[in-house]
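Input: a single structure, listed below in structure tokens.
Numbering (our numbering), first residue to last: 344 to 506.
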């Protein structure tokens, strides 16, 4: 890590909460909803390092999106200021390509499970099941069964790999 960044982080560590909140506002372009000193330090330190080193790679951002697909609470979007404009320009679009095993948006996926029919609508981004939006089929399969499932396998869109 660059010596200037190390020094900036050491100086940052000694700031009181009010000054950390000011620095947060300068870097992120919004007020912090937190007055927790360690939280503010970590967010500011990450941003300083990201500006100096270039932030997360496109591969890392793709992996984050993949992991967050298991969230049953819907699409997760970074807040304004999460990525600097310069890193946005370098990365281009962060959205992952659509999985070719999925049917087109608007299609219905059906599966019988323990005497009930599970019906899921494919959306442009995510899925709808029982009037709730989900990021992934795996999250829906977990909701239905109470156990972890590969969503594509649960809905018969892929076969189990043997090997």
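Note that CB positions come from ideal geometry on N, CA and C, so glycine has one too.
Worksheet item: Rounded C-beta distance between residue 395 and residue 345? I'm assuming under 8 Å.
Response: With a Cβ gap of about 6 Å, residue 395 and residue 345 count as contacting.
Discussion item. Three Cβ pairs or more, each shorter than 8 Å: is that satisfied between the stretch 493 to 500 and the stretch 452 to 466?
Written reply: When C-beta atoms of the stretch 493 to 500 are compared with those of the stretch 452 to 466, three or more pairs fall below 8 Å, so the two segments count as touching.
Worksheet item: Could you give the distance in angstroms between the alpha-carbon of residue 503 and the alpha-carbon of residue 397?
Response: Counting only the Cα atoms, residue 397 lies some 39 Å from residue 503.
Worksheet item: What are the residues that DSSP puts in a beta bridge with residue 464?
Response: Beta-bridge annotation (DSSP): residue 464 is paired with 451, 471.
Fill in: Contact check, residue 448 vs residue 471, beta carbons under 7 Å
No. Outside cutoff.
Worksheet item: residue 383 to residue 400, Cα distance in whole Å?
Response: Cα-Cα distance, rounded: 23 Å.
Practice prompt. If I'm right that residue 363 touches residue 380 with Cβ under 8 Å, what's the distance once you round it to whole angstroms?
Written response: A Cβ-Cβ distance of about 6 Å is found for the pair residue 363 and residue 380, placing them in contact under the 8 Å criterion.
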